[in-house]
Structures are given as structure tokens and as C-alpha cells.
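Single-structure report; data block below.
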Amino acid sequence: MGKAELCSDSARLRPLAGCSIDDTPNITTGVVELGISQNEQQSISDLVGQYKALPGALLPLLHAIQKQIGHVPDAAVPIIANGLNLSRAEVHGVISFYHDFKTTPVGRHTVQICRAEACQSMGSRALEAHAKQTLGIDYGETTTDGSVTLEPVYCLGNCACSPSVRINDDVFARVDAQRFDELVSGLSAEEGVAK
Amino acid sequence: MIFYIPQDTTALALGSEAVARALQTAGIEPVRNGSRGLFWLEPLLEVTTDQGRIAFGPVAAKDIPSIIDALASDPASHVLYQGEVAEIPYLKSQQRLTYARAGLGDPVCLDNYKSLNGFKGLKKALQMTAQQIVDQVKDSGLRGRGGAAFPAGIKWQTVHDAGKDGCQKYIVCNADEGDSGTFADRLVMEADPYQLIEGMIIAGLAVGADQGYIYLRSEYPLAHKLLNIAIDRAVQANFLGENIQGCGKTFHLEVRLGAGAYICGEETSLLESLEGKRGMVRAKPPLPAIEGLFGMPTVVNNVLTLAAISTILAEGAATYQNFGMGRSRGTLAIQLAGNIKCGGLIELAFGVTLREVVEDYGQGTYSGRPIRAIQVGGPLGAFLPESQWDTPMDYEAFAAIKAMIGHGGIVVFDDTADMAAQARFAMEFCVVESCGKCTPCRIGSVRGVEVIDRIVANENRDNNLILLHELCDTMEFGSLCAMGGMTPYPVRSALAHFPQDFLLQEAAGASLQDTAGASLQDTAGAASQETAAQGEN
């Protein structure tokens, strides 16, 4: 890709889903129809300011936004594009390329089941089916109470003790259906305590 | 007595945190070491005693009181007693260079690293010219451990010679260890991160780069945390930053997190991702050594390659070169995973056979059933039937049987594995993870899933088989990188060695259950006679 493309004129691009050409963010007045609060807009702008001088800033910036807000809202795209001197298409293209970046809110806990070969050899296909049935959701979905989002993952590097499940930042080894149920019910129990 | 309880991902996944808490409850503050990679024994509690450093494993929190009692009387009487750690055959028989320090102490403790020969290689490198360092790497015979096995010294020489004097150059560590069955990079980063940092500083000195990046996959949050702590401490101790140890040279190091894309383990898409773009493969040439990160000359090496550098400089090229066979020099980090009784990290000189690894170290399957297939080298590696298990682990020997060693990951499947399902998964994985830049990979994989489905459904089977082989040819020879280029390896090997799972004509009469565990030749032979007539119908 040539450098010229990096600075392509965003006005020539067709609008992306969820944001029209005209909705240039106006931070001072707050743009309610963008679907995020003024605070969120402000923190996105702050993060853009913080990261824009970093070489290859886009991935670290997106991680930072997602950490702060929980996902990367569509409304962040024009703010990022302006700040990093990229087209909105380029920003949208990066967000949609990587599995990690979410454009809508996710559950309070993310549960990932490893689908890679080592885990398959130890029964992860059955575990996946069990998890979907128990939680009543498919991959990419969130339980109705908003507590758990289920996702596939391709390898957690815990292949000597498969099958593996990651819950938020913790990895669990040798997870069978019973262990899965214990782990997931543990999540609701924790929430119960928190309340 | 000092107590050690590991805090690497696998030990934690098996409950080492609860063991640490149980020790604290008993008034003992344990050292949180990295794992030695004997994952079948994790959580492995180690204790320094008069009898040496002894071990108990696998330990649960409830075992702590009885272990403390046993330590006061007769440690060997405890049911979990494993004897002296260094004498455990699984560990003792290994030839550890890169993992010599793994598990010995707190991985982010600089004093611990220094006391175990840490920075010995860097100190030597600081006395050498850039060309002398490059020559050491060339003489060692080290080949890239990421899978492609390109000679590291040649790559470094190219970057050393590239660009004008004073032009910006980069060292990029590929820590996007995405292959299933691999955890060697993770173990280095979690158990001995300074070794990687040291290797990268040496690489910077060798090629004239003052900036390094570790591109780490986001699936490794613990490695991320430990690397950042280690880098901070290395900066404070002036091993990183300006004027390293007063030598006048500068090297900055930063960890960058990927975002869940397998393709970013491919070096050119990794560079695109580091630049903040979609991880799309670049056509080569230009090589990254000439035009790499931000268009500048760049060394892109795997974690294990860079980790090996500190050993090569510390112990000398000749010492490293002495290990191995043929053109595969030094040691290989073999990762034993999947359906295996004793899974873990085994560092050995090249040349050990797959059978030795799986039977002697692995002790067979976890399920106790016979082994059916072994996949080596990640999701793009071939499935090997028993007839190929005596192949020595050497880059050329594996290439000769259309397989690859890759990053050294071994995944074992028992006789319940459905190889047609695995072949389909290989294509499906390519659908999910293709960067999409080239058509053979992007669309070929989608069609591959469909064609395998039709074959298994016995729909126009003969023609679909021809189509699948042609599709594999197109992907192998027409793809820009190994993602599409090697997806046919697991597919073709499954077809060639486990035809009964695809219910091919020769074996259509044999049910999956009947063939499981039976000799493949016998099964195929008997089935082909039985079904010859059916095939004509």
C-alpha cells in the first residue's frame, strides 16, 4: 500500500454503516445520535490525543478505547480518522479485520472456548456444544442477563492440558462439561456477592 | 527452606494460585517461579532442602498440610513426591540451552537472571564489532525457529548491510505464537523474559537498530504483563535505553499487542499490523530485511530465535553448532500436546524421532487409547500416520515427507479422531483466518469446506475428489503466503493416510468404528475387495 492511500480524502468515501458523511463529531455540543455519551466521546478524543504521535498508533489506540469503553463504538471511527489522518474506511477496515475488536457492547464476562486442534483432540467439540446449550447462545452472542459473551478462540497456548477455556484473563485447563458449569456458575455467584 | 510454586499460564490454569494461597495460610511465602514445562506435573511444588531441590506434583491446595508434615519427617514418604527435580527423567534427558533457566526462579527478578549467566552474551557482544556478532550467528548455524527455518545469520547480514549509514532499522520479535500445540514462546516469555530481551539488544547491536518491538498475541495476557515488568526493570538497570551499560549504544524496546488474527504470525502481515493496518500479507520481494517496518530494514525473528542468540553469544557459536544433525543445528523446542499423557516442553538437539518423543516422553495418550494420527507444525502441518513416526525431527527429513516441523508443536490424536472432520477443519480455519488478499486462499478455503462436505456426503464423489486435489494444487502454488499455501498439507495427508474416514470407494464398506485401531493397510485391502462391485454401480 502506498503512502498516498494513507492520506486519501475521506470526503470521497461512501458513508459506512452507522455513520454518515455529515456526522463530523462536534465534541463541544455532543452528538447524541452517535449513540455514545459526551463523556465517552471525550475519553475517545483524549485517547486519540494520547496515542496519535506513536508510530503505528491504531492498534494500541483501539485496544485502549476498548479497554475504557468495553467496545469500539461506530462513533469512534470519525474521531480516530481525524486524529490519525486516516480515512474512515481505513479505520473501519482495521476494526473489522481483527477478532478482538467489538463494535457493540459485550457481556460482563467473556468466555472463550479453544477450537484449535490440541483441544479438539481432547473433546473440545463436545465442550463447545455443551457450552452453547447451557448458556443458550451461539458464538458471538451474549446471555440475556448480559453476564456472559461466548466466543471461539484459536489456541490459548495451554495445549498440553487441553481442553482450555479462558474467562476474562484467566485460563482454565482440562475443562469438561461439569467443570465448565462450575466455572460459569461461579461467575454468577461472584456477581451475587458484588451486589 | 525455599518454596517455589509456578505462575505460568498452564500452572495457573491447573490451580497453582490456590496452592500459593494454601502455602501463605501455612505461613510460607513461596517464590512464584516460571514453569519448567513439565506440564503433566503442574502445579509442581519445589522445595530446597538438605537433599537438594525436591519436587511434589501435581499438587492441589489440600495437599499442602500433608506435604509440610512430610518435609518435617520423610519427604519421600509423600504420595506426590517426585524426588530431586533435576533428576526427573523427563527433564534430565533433555538438552536444555534456551530453557536452562526456565522454572529456576522468579522470572522478572533481574538479580536471579544475572546469577544464572544472564547478560553474559550481551557483555561479550558489547566487546565485539557488529560484523563479528553477525559472524557468530552465521557460524552457529541457527535457523529461524518460527517455522520457515531461514538461516538467521544471513538475514542479519542483509539488514546489517542494508540502507545508508545511520538509517533507521528495527528488530521485530514475532511473538504471535498462534499454532495449536505450541507454547514454547509463551514459556520463554513467562519463565525467562530477560533472555528474549537480551537477544533483541544483541540483535540491535549487530545490525545497527535502536528500536525493537515485540509483537505479542493478545491471547497471552500473562506474558504481556511479565514482559512489561521485565522491560521496565531492564530500563531502570540501563540494559535498555540510551547508552546501554556505558557502551554508547541505544536500544529501546516496546511490546505491541495483536488483536486476535492468526495471519499476523506471518512476518509481512505482522509488519502491516505493527504499522497500524489490517494484517494483510505483503508480496515478497522486497524482503523485510530490505524494506520492513515503516519501509526500513528490519530483522523479523521468532521468540526462540532471538532467545537462542543470548546462548550463542554467551557460550560461543561452536558450542551451539555442536548440537543437531545435518543442516538443522542447535536445539529444537518440542511441544508435546493434545491427547497425551505427559505433555510439556522438551528441548532436544534436532534428530530425535517423533515416536521417541511421543512414546518415551509423552507415555502415550491421555485417554489411554491407541494413537491414530500426529499433527506436527500447527494447523497447517500434515497429519502423520504410524508409518511416518520414525522420521527424525529435522527440517529436511520432514520436508521430504511433505510435512513440516514448523514451530515444533506436536498434537496427538487417539483412535477416536475423525480425520475427515479434521481435514474439513483445516479448510474452515483458513476461511476464518485468511487475510483475504489472494484468491486461492480466500475463496479456495470456502470451496474446500464445501467440496469435503460433498465427498463425505457421497455426492458425486469421484469428481469431487479430483476437484479437491485440483483445489489443493491451486492453493499450494497460487497463494501469496503459507496460510493458503500449506492448508492443503493437513487436507492431503488426511486423504492419503486415512481414506476410510472420507468413506472413499476403496474403503466404503468399512465403518469408522471397525477401522479404528486396525492396521490401515489391512483395512484398506479388505475393504477394496468388498466394495469393488459397489463402485461400479
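These protein sequence lines map, in sequence, to chains H and Y.
Per full-length UniProt numbering, numbering through the first sequence is continuous, rising by one, with the last residue being 195.
Per full-length UniProt numbering, numbering through the second sequence is continuous, rising by one, with the last residue being 537.
Positions of the beta carbon are idealized from the N, C-alpha and C atoms, including for glycine.
- If you check the CB distance, A11(Y) and I2(Y) do not come in under 9 angstroms.
- In the DSSP assignment, E396(Y) falls within the alpha helix (DSSP H) that extends over 395-400.
- Those residues of the stretch 265-288 of chain Y placed with their C-beta closer than 7 angstroms to a C-beta in chain H are S273, L274, E275, G276, K277, R278, G279, ordered along the chain.
- Beta-bridge partners assigned by DSSP to C481(Y): none are found.
- Taking a cut-off of 8 angstroms on C-beta distances, the stretch 411-422 of chain Y does not touch the stretch 387-399 of chain Y, as fewer than three cross pairs fall below it.
- The continuous alpha helix (DSSP H) containing T319(Y) extends over residues 317-321.
- For the stretch 442-462 of chain Y, there are no residues whose beta carbon sits under 8 angstroms from a beta carbon of chain H.
- At a C-beta separation below 7 angstroms, D169(H) has these neighbours in chain Y: P221.
- Minimum Cα-Cα distance from E470(Y) among the listed residues I68(Y), E459(Y), V451(Y), N460(Y) corresponds to V451(Y).
- Beta-bridge partners of H407(Y) (DSSP): none assigned.
- Taking 8 angstroms as the Cβ-Cβ cut-off, the stretch 154-182 of chain Y approaches chain H at E177, G178, D179, S180, G181, T182, given in chain order.
- Cβ-Cβ distances below 7 angstroms link D192(Y) to G34, R101, A102, P107 in the same chain, with the five nearest sequence neighbours on each side left out; the list follows chain order.
- Runs of the beta strand (DSSP E) lying entirely within the stretch 135-180 of chain H, each at least 3 residues long, are 148-153, 165-167, 170-172 in chain order.
- Judged by DSSP secondary structure, L80(Y) falls outside any beta strand (DSSP E); it is assigned neither H nor E.
- Counting the other Cβ atoms within 10 Å of the Cβ of I229(Y) gives fewer than 16, which makes it exposed.
- Contact between T416(Y) and R355(Y) is absent: CB atoms are separated by about 21 angstroms, not below the 8 angstroms threshold.
- In this structure, the alpha-carbon of Y98(H) lies about 47 angstroms from that of P65(Y).
- Look at G448(Y) here: in three-state DSSP terms it is helix.
- Using a CB distance cut-off of 9 angstroms, R179(H) does not count as an interface residue toward chain Y.
- Nearest CB-CB separation between A126(H) and chain Y: not below the 9 angstroms threshold.
- Between Q120(H) and chain Y, the shortest Cβ-Cβ separation is below 9 angstroms.
- The alpha-carbon of V165(H) is positioned some 10 angstroms away from that of E128(H).
- Under the three-state reduction of DSSP, Y4(Y) is assigned to strand.
- The C-alpha of A206(Y) is placed about 15 angstroms away from the C-alpha of P151(Y).
- One Cα belongs to D74(Y), the other to A18(Y), and the distance between them is close to 24 angstroms.
- Rounded to the nearest whole angstrom, the C-alpha separation of L187(Y) and N168(H) is 20 angstroms.
- Nearest CB-CB separation between P379(Y) and chain H: below the 9 angstroms threshold.
- The Cβ-Cβ distance between A333(Y) and G246(Y) does not fall below 9 angstroms.
- Distances from the alpha-carbon of F323(Y) to those of V352(Y), E177(Y), V235(Y), V303(Y) put V352(Y) closest.
- Cα atoms of D139(Y) and G316(Y): separation of roughly 9 angstroms, rounded to the nearest angstrom.
- When the five nearest sequence neighbours on each side are left out, the beta carbons in the same chain lying within less than 8 angstroms of the beta carbon of G83(H) are those of S45, V48, G49, K52, in order along the chain.
- Boundaries of the beta strand (DSSP E) harbouring H252(Y): 252-257, taken from the DSSP string.
- In the DSSP assignment, I171(Y) falls within the unbroken beta strand (DSSP E) covering 170-175.
- Residues of the stretch 327-342 of chain Y with a Cβ closer than 8 angstroms to any Cβ of chain H, in chain order: Q335, L336, A337, G338, N339, I340.
- At a cut-off of 9 angstroms between beta-carbon atoms, N82(H) makes no contact with chain Y.
- The Cβ of A116(H) sits closer than 9 angstroms to at least one Cβ of chain Y.
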